[in-house]
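Novice:
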Amino acid sequence: MKRRNFTAAALAAATFATALPALAQDNTFKIGLILPMTGQQASTGRQIEAAARLYMAQNGDTVAGKKIQLIVKDDTSLPDATRRLAQELVVNDKVNVLAGFGITPSALATAPIATQSKTPLVVMAAATSSITQASPYVVRTSFTLPQVSVALADWAPKNGIKKVVTLVSDYGPGLDAEKFFKERLTFNGGLVTESLRVPMRNPDFAPFLQKVRDLKPDALFVFVPSGAGAAVMKQFLERGMDKAGIKLIGTGDVTDDDQLNDMGDGALGVVTSHHYSAAHPSALNKKFVAAFEKANKGLRPNFMAVGGYDGMRVIYEALRTAKVTGKAMPSGDALLDAMKGQIFESPRGKIFIDAQTRDVVQDVYLRKVEKKDGQLFNVEFDVIKDVKDPGKTK
Ligand code: VNL
Numbered sequence: 013m014k015r016r017n018f019t020a021a022a023l024a025a026a027t028f029a030t031a032l033p034a035l036a037q038d039n040t041f042k043i044g045l046i047l048p049m050t051g052q053q054a055s056t057g058r059q060i061e062a063a064a065r066l067y068m069a070q071n072g073d074t075v076a077g078k079k080i081q082l083i084v085k086d087d088t089s090l091p092d093a094t095r096r097l098a099q100e101l102v103v104n105d106k107v108n109v110l111a112g113f114g115i116t117p118s119a120l121a122t123a124p125i126a127t128q129s130k131t132p133l134v135v136m137a138a139a140t141s142s143i144t145q146a147s148p149y150v151v152r153t154s155f156t157l158p159q160v161s162v163a164l165a166d167w168a169p170k171n172g173i174k175k176v177v178t179l180v181s182d183y184g185p186g187l188d189a190e191k192f193f194k195e196r197l198t199f200n201g202g203l204v205t206e207s208l209r210v211p212m213r214n215p216d217f218a219p220f221l222q223k224v225r226d227l228k229p230d231a232l233f234v235f236v237p238s239g240a241g242a243a244v245m246k247q248f249l250e251r252g253m254d255k256a257g258i259k260l261i262g263t264g265d266v267t268d269d270d271q272l273n274d275m276g277d278g279a280l281g282v283v284t285s286h287h288y289s290a291a292h293p294s295a296l297n298k299k300f301v302a303a304f305e306k307a308n309k310g311l312r313p314n315f316m317a318v319g320g321y322d323g324m325r326v327i328y329e330a331l332r333t334a335k336v337t338g339k340a341m342p343s344g345d346a347l348l349d350a351m352k353g354q355i356f357e358s359p360r361g362k363i364f365i366d367a368q369t370r371d372v373v374q375d376v377y378l379r380k381v382e383k384k385d386g387q388l389f390n391v392e393f394d395v396i397k398d399v400k401d402p403g404k405t406k
């Protein structure tokens with residue numbers, strides 16, 4: 013009798029011991045954050061990781077009784093690496109969500125893995141319109157180039173800019189910017205006299221800018237990815253293009269808050285359209301900028317940081333509200349459902365995840381570079397409310 017009891021107790025203890033680690037593991041909600049932490053797009057990775065960590069520091073790492081674990085991987089902005097890392101995160105680490113994606117090719121290369129594994133993929137940076145159509149599991153918190161380009165093509169002809177040369181990075185977001193800016197400008201009675209495309213990797217802007225100088229348009233419209241704007245600005249000014257009467261306009265990627273303050277007074281007066289400025293005058297944004305700078309040695313958050321911060325919000329809220337039975341971890345499908353339709357106030361203003369398209373709907377601002385307290389900022393002077401991605405209705 014005694015012996016029997018002992019055996020039963022030992023068995024129960026053994027079962028409990030083996031069950032424990034499994035239980036502990038089941039209680040961890042894993043976010044695989046794939047970013048370019050090194051290489052040409054490193055500033056994007058640094059901004060998004062810092063924002064994700066800030067969000068966790070402010071909101072805790074326990075949601076709905078689950079412990080949140082952030083697993084950061086560096087894809088060096090090479091899409092083959094992004095896909096391989098995503099595969100490992102899904103198969104080995106069993107992540108609940110994939111997130112990050114600094115550039116369009118990385119997001120597109122990974123979309124099939126999200127579909128096959130039914131894992132939500134939160135795009136925090138990449139901004140080609142078609143990305144959300146590459147998998148029904150993609151949800152985006154950044155922006156799209158068509159979304160922000162159209163506003164500038166409405167503004168330009170009303171402000172003395174009729175003839176424009178476009179200069180874009182030769183890949184997804186650049187081609188979107190070129191197409192939607194041109195269509196709208198033409199509709200408004202303006203003219204794109206030449207469309208120039210520069211290589212995405214290691215671009216040399218000099219020969220293209222020389223050509224623009226010779227063409228002498230009213231303005232040069234530029235899209236380059238975050239991190240490349242300072243080089244464009246420098247060469248634009250070195251060539252005296254502003255003195256030759258050519259205005260520089262573009263999407264806000266070119267006057268990126270990560271670099272703007274170091275561009276010098278030559279950047280003053282540049283008009284861009286975008287969804288986020290560190291100078292956005294809301295109480296929430298002031299708090300966000302102050303907390304971000306405090307946590308990152310004075311680094312100013314840019315639009316990438318906001319995409320990352322809001323992406324974490326979308327993930328946290330999905331975990332909080334997803335339909336589950338008992339204490340189980342929500343499935344990828346349940347999380348995806350809970351991401352669709354979220355509406356909340358972001359540091360950029362009110363945003364909305366369209367349940368049909370899974371893309372972000374947001375206000376787009378016209379901004380001008382001005383000096384405030386000795387620093388350069390994109391100061392908002394007009395707003396177009398609740399802009400959907402125009403790329404989706406075509
Ligand atoms: C993309 C679009 C990348 C806009 C960016 O910076 C950007 C992209 C890295 O879709 O690849 O500013």
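Add 12 to the 1-based position in the sequence shown for the working numbering, that's all there is to it. Glycine included, every Cβ here is placed at the ideal spot set by N, Cα and C. Quantities reported herein were computed from a predicted structural model and do not represent experimental measurements.
(1) Taking the alpha helix (DSSP H) that Gly344 belongs to, which residues open and close that run?
(2) For Val266 and Val236, which I take to be in contact (beta-carbon distance under 8 Å), what is that distance rounded to the nearest angstrom?
(3) Does the segment 387-396 come close enough to the segment 168-188 that 3 or more CB-CB pairs lie under 8 Å?
(4) Pick out the complete alpha helix (DSSP H) segments inside the segment 187-226, 4 residues or longer, and give them in chain order.
(5) For Ala146, is the beta carbon positioned less than 7 Å from some heavy atom of ligand 1?
(6) Please confirm whether Ala163 and Ser285 have their CB atoms less than 8 Å apart.
(7) At the level of alpha carbons, what is the spacing between Ala93 and Gly184?
(8) How should Arg312 be labelled, buried or exposed, when 16 other C-beta atoms within 10 angstroms of its C-beta is the threshold for buried?
(9) By DSSP, does Gly172 sit in helix, in strand, or in coil?
(10) Under 8 Å, do Phe217 and Ala243 count as touching if we go by C-beta distance?
(11) With hydrogens ignored, establish whether the beta-carbon of Gly184 is closer than 7 Å to any heavy atom of ligand 1.
(12) Mind checking whether the beta-carbon of Pro215 lies closer than 7 Å to any heavy atom of ligand 1?
(13) In terms of residues, what are the limits of the beta strand (DSSP E) holding Asp92?
(14) Using the three-state DSSP reduction, which class does Ala24 fall into: helix, strand or coil?
(15) Hey, would you say Pro229 sits closer than 8 Å to Thr205, going by beta carbons?
(16) Which residue from Val318, Gly353, Asp398, Val180 puts its Cα closest to that of Ile261?
(17) Taking buried to mean at least 16 other C-beta atoms within 10 Å of its own C-beta, is Val399 buried or exposed?
(18) Let me check you understand the geometry: is the CB of Pro219 closer than 7 Å to at least one non-hydrogen atom of ligand 1?
Specialist: Reading from the atomic positions:
(1) 344-351
(2) 6 Å
(3) no
(4) none
(5) no
(6) yes
(7) 19 Å
(8) buried
(9) coil
(10) yes
(11) yes
(12) no
(13) Not the beta strand (DSSP E): Asp92 falls in the alpha helix (DSSP H), residues 91-103.
(14) At Ala24 the pLDDT is 49, less than 50, meaning the model places this residue with poor confidence and gives no usable figure here.
(15) yes
(16) Val180
(17) buried
(18) no
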